[in-house]
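To start, the structure itself, in structure tokens.
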Amino acid sequence: MINETYEVETESTQRHYPAVKWLLALNIAVFTAQVAFIEPERLFGLLGLSPENFPAAWWTIVTYMFVHVGPLHLALNMATLWMFGSRLESAWNTKSFAYFYLWCGIGGAIAHLLFARDVSLVGASAGVSGVLMAYGLRWPEDRVYLFGFIPTKSRWLVLWMIAINIAIGISPQTQIGWKAHLGGLAFGWLFLHAGSLTGNDVRRWVASIPDEPDGMPSAVPKTRISTREKMADIDDAIAHGSTSRVNAERVNAEVDEDSLRARLIDRVLDKISNGGLGSLTREERAILDDTSRKLRRGDNSSHS
20 MINETYEVET ESTQRHYPAV KWLLALNIAV FTAQVAFIEP ERLFGLLGLS
70 PENFPAAWWT IVTYMFVHVG PLHLALNMAT LWMFGSRLES AWNTKSFAYF
120 YLWCGIGGAI AHLLFARDVS LVGASAGVSG VLMAYGLRWP EDRVYLFGFI
170 PTKSRWLVLW MIAINIAIGI SPQTQIGWKA HLGGLAFGWL FLHAGSLTGN
220 DVRRWVASIP DEPDGMPSAV PKTRISTREK MADIDDAIAH GSTSRVNAER
270 VNAEVDEDSL RARLIDRVLD KISNGGLGSL TREERAILDD TSRKLRRGDN
320 SSHS
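To convert, count from 1 in the sequence shown and add 19; that's our numbering.
As structure tokens, then:
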């Protein structure tokens with residue numbers, strides 16, 4: 020009964036995407052206000068990014084991301100954000116994903132201010148472009164669909180998006196903020212390769228080890244974790260009682276060996292993450308000690 024309850028709780032927790040849901044809600048709320056309560060021109064003037072009004076209207080470098088010119092513009096951006104952003108938030112964490120999204124949006128605004136001085140900018144496309152690029156870097160082999168029906172790998176989707184933006188930019192009649200799109204891509208790449216706004220190195224987020232697909236475009240095989248790496252996580256928790264979150268997925272990586280013990284260890288490590296080593300019961304400490312000894316014996320025999 021305990022294992023079944025824990026499995027249900029774990030699955031439901033993994034499918035919560037607070038940042039993505041808040042972004043969707045804010046964009047939809049602003050569009051609803053635009054349609055029902057406020058004239059679009061007035062809203063664009065208040066929240067849209069206009070080079071003539073900046074930096075006096077300094078807030079618009081962020082608020083422009085939540086205004087859209089029409090339902091199709093909104094639907095395309097929000098669908099892309101949900102499809103690709105939810106998995107990224109699950110793989111990273113909510114705070115880091117929110118920073119990344121806003122960083123890409125601000126990057127798009129800066130590119131627009133520098134290179135498109137004569138037109139206002141609205142829309143979430145710069146932030147969404149950064150999210151799509153990060154997804155392509157993290158899961159380059161995933162199968163996705165260009166325009167909803169052309170199958171391709173996610174890495175090629177990113178290149179297609181860049182090519183389409185360049186093609187749009189060639190047309191003098193375009194009203195699409197393609198410079199902001201490319202700015203979002205450029206700032207996203209910079210964020211991922213130079214470190215995050217929180218000071219953490221984000222390069223590990225785009226490592227080759229994939230996460231669970233969570234119902235996204237296609238499954239990615241899980242990488243087998245060595246016994247030595249799993250043992251290191253458990254020993255570190257026992258020795259230091261760290262309150263930082265221990266990577267419980269490493270203990271779960273080979274469920275076929277002992278799924279019951281893996282789930283128990285997962286619960287214990289989560290408890291350490293939330294309350295420290297002192298929050299463990301005597302039985303939970305015994306589980307950690309026993310698992311650590313077994314893993315150490317297995318690691319020594321495999322390297323003899």
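Note that CB positions come from ideal geometry on N, CA and C, so glycine has one too.
> Taking Cβ to Cβ, would you say Leu121 is nearer than 8 Å to Leu68?
Replying inline: no
>> Assuming Ile169 is part of the beta strand (DSSP E), what are its boundary residues?
In response: 169-172
>> Pop quiz: Ala199 and Ala143 are said to be a contact at Cβ under 8 Å. What is the actual Cβ separation, rounded to whole angstroms?
In response: About 10 Å separates the two Cβ atoms, so there is no contact after all.
> Can you list, in chain order, the residues of its chain whose CB lies under 7 Å from that of Ile306, leaving out five sequence neighbours each side?
Replying inline: Leu283, Ile284, Val287
> Closest by CA to Lys172, which one among Ile183, Tyr36, Leu156?
Replying inline: Leu156
> Would you call the region 65-83 and the region 32-46 in contact, with 3 or more CB pairs under 8 Å?
Replying inline: no
>> I'd like to know whether the C-beta atoms of Phe206 and Gly126 end up nearer to each other than 8 Å.
In response: yes
>> Give me the residue from Tyr83, Met84, Gly89, His35 with the minimum Cα distance to Thr51.
In response: Gly89
> What is the C-beta distance between Leu100 and Val147, in whole angstroms, given that I count them as a contact (C-beta under 8 Å)?
Replying inline: Going by Cβ atoms, the distance from Leu100 to Val147 rounds to 5 Å, so yes, they are a contact pair.
> Terminal residues of the continuous alpha helix (DSSP H) containing Ala61?
Replying inline: For the sequence presented, residue 61 should be read as Arg rather than Ala. Segment 59-66, the alpha helix (DSSP H) holding Arg61.
> In chain order, which alpha helix (DSSP H) runs of at least 4 residues are fully inside the region 57-136?
Replying inline: List check, alpha helix (DSSP H) in window: 59-66, 79-82, 90-99, 105-110, 113-134.
> How is Asp230 classed by DSSP in three states: helix, strand or coil?
Replying inline: Caution applies to Asp230, whose pLDDT of 46 falls short of 50 and renders its modelled position unreliable; the value that the coordinates give is listed next. Coil at Asp230, not helix or strand.
> What is the DSSP secondary structure of Val239, reduced to helix, strand or coil?
Replying inline: Only weak support exists for where Val239 lies, its pLDDT of 38 falling under 50; the value from the coordinates is given anyway. Val239: coil per DSSP, three-state reduction.
> For the beta strand (DSSP E) that contains Leu165, what are its first and last residues?
Replying inline: 162-165
> Under a three-way DSSP split, which group does Leu299 fall into?
Replying inline: coil
> Can you tell which of Pro59, Ser115, Ala38, Leu133 has the C-alpha that lies nearest to the C-alpha of Gly71?
Replying inline: One detail in the question is off: residue 71 reads as Glu in this sequence, not Gly. Checking every option, the nearest Cα to that of Glu71 belongs to Leu133.
>> For Ala48 and Gly167, I'd like the C-alpha separation in whole angstroms.
In response: 26 Å
> Exposed or buried, what is Ile335 when buried is set at 16 or more other beta-carbons lying within 10 Å of its beta-carbon?
Replying inline: One cannot answer for residue 335 here, as it falls past the ends of the chain, which runs 20 to 323.
> So His212 is in the alpha helix (DSSP H); what residue range does that whole segment cover?
Replying inline: 197-213
> How many angstroms separate the CA atom of Thr82 from the CA atom of Trp158?
Replying inline: Their backbone Cα atoms lie some 30 Å apart in a straight line.
> Between which two residues does the alpha helix (DSSP H) carrying Tyr36 extend?
Replying inline: Per DSSP, Tyr36 belongs to no alpha helix (DSSP H) and is neither H nor E.
> Can the beta-carbon of Ala130 be found less than 8 Å from the beta-carbon of Leu201?
Replying inline: yes
> Hey, Gly196 and Cys123 are a contact pair by Cβ (cut 8 Å); roughly how many whole angstroms apart?
Replying inline: Incorrect: roughly 13 Å between the Cβ atoms, too far for contact.
> Around the Cβ of Asp161, are there at least 16 other Cβ atoms within 10 angstroms (buried) or fewer (exposed)?
Replying inline: Buried, because 16 or more other Cβ atoms sit within 10 Å of the Cβ of Asp161.
> Excluding five sequence neighbours on each side, which residues of the same chain lie with their C-beta closer than 7 Å to the C-beta of Ile57?
Replying inline: Contacts found: none.
> Straight-line CA distance for Tyr36 to Glu108?
Replying inline: 6 Å
> What's the call for Ala145, buried or exposed, on a 16-neighbour Cβ count within 10 Å?
Replying inline: Buried.
> For Leu62, which residues of its own chain have a beta-carbon under 8 Å away from its beta-carbon, when the five flanking residues on both sides are left out?
Replying inline: Val49, Ala52, Gln53, Val86
>> Taking the alpha-carbon of Ala135 as reference, which of Leu299, Val150, Met152, Phe73 has the nearest alpha-carbon?
In response: Per the Cα distances, Phe73.
> From Leu279 to Glu302, what does the alpha carbon distance come to, in whole angstroms?
Replying inline: 15 Å
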